[in-house]
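> Residue numbers (my numbering): 250 to 535.
Glycine included, C-beta positions come from ideal geometry on N, C-alpha and C.
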């Protein structure tokens, strides 16, 4: 088992409310060095209020062994070539310590926040991962770039825009998931799975992993090196008085996720489908 954590240290994002301790971009280097010094295996960064690649670049410069990852960055608003270059550059900077965690986001954000057209995320993500890897392969081995899919056509890579091979060309790709379709895609094309915090151990074991195995079987892949990276919601504090607001924040985040229809299956698994539906109604009244 490996142990990683998010920045800011001690973070509990209370749903839609502003966290009490937002990420201080000027302390990233010191925080990363601290994590490395006390034995953490990795540091991951979400894409919420800061660009995760910038944050990880700061951490990469300050450390030597700490694994670095996006957990996760949003795939679809970026072209596969743009994503490939960001990851390639950070992999060079970190000397091979990057894991690229990708997430689809929900339809409302893709359409209304990023201004992109929507498409079923499972097939889209499969093609996206394959396209990113095709770009990397072009840069590393000189294989002509030739991606021809429903979402992407990539067939131009001139020397001026080709960064060329790097020392550590293998960049693991992990996929964020809740529902079985994305889990199957992870089994087909990814190196790991990052279950959403609403996914309980029983949901992962009984619902998600069978879908991952089905995807791997479909693709004829082994899951021997496939990783499952958990991100549980934990409220801890030194005193009862300090613990109460931590629990409140965790509850707020769970309520926020319960209001999201795309996460309904995880709540239904716990017998909380009706409660989640009620949260959805309440969120629309706010």
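What does the alpha-carbon distance come out to for the pair residue 368 and residue 401?
In a straight line, the C-alpha of residue 368 is about 13 Å away from that of residue 401.
> If I follow the unbroken alpha helix (DSSP H) through residue 294, where does it start and stop?
First-last for residue 294: 291-294, but that is the beta strand (DSSP E), not the alpha helix (DSSP H).
> Return the chain-ordered ranges of every beta strand (DSSP E) run that is complete within the stretch 311-337 and spans a minimum of 3 residues.
With a minimum length of 3 residues, the continuous beta strand (DSSP E) runs that stay inside the stretch 311-337 are 316-319.
> Cutting at 7 Å between CB atoms, please list the residues of its own chain near residue 373, excluding the five before and the five after it.
325 and 400, listed in sequence order.
> Only counting runs of 3 or more residues, tell me where the beta strand (DSSP E) segments fall wholly within the stretch 340-418, in order along the chain.
Those beta strand (DSSP E) runs which fall completely within the stretch 340-418 and span 3+ residues are 347-352.
> Can you grab the Cα-Cα spacing for the pair residue 301 / residue 319, in whole Å?
The alpha-carbon atoms of residue 301 and residue 319 are separated by roughly 6 Å.
> To the nearest angstrom, how far is it from the Cα of residue 334 to the Cα of residue 469?
Taking the straight line from one Cα to the other gives about 29 Å.
> Are the Cβ atoms of residue 440 and residue 423 separated by less than 8 Å?
Taking 8 Å as the Cβ cut-off, residue 440 and residue 423 qualify as a contacting pair.
> Where does residue 275 sit, in a helix, a strand or coil, going by DSSP?
Helix at residue 275.
> Quick check: what's the CA-CA separation for residue 450 versus residue 487?
Each residue's Cα considered, the two are about 26 Å apart.
> For residue 332, I'd like the list of residues in its chain whose CB is within less than 6 Å of its CB, leaving aside the five on either flank, ordered along the chain.
Taken in chain order, the residues that qualify are 381.
> From the DSSP output, read off the bridge partner residues of residue 434.
Paired residue(s): none; residue 434 is not in a bridge.
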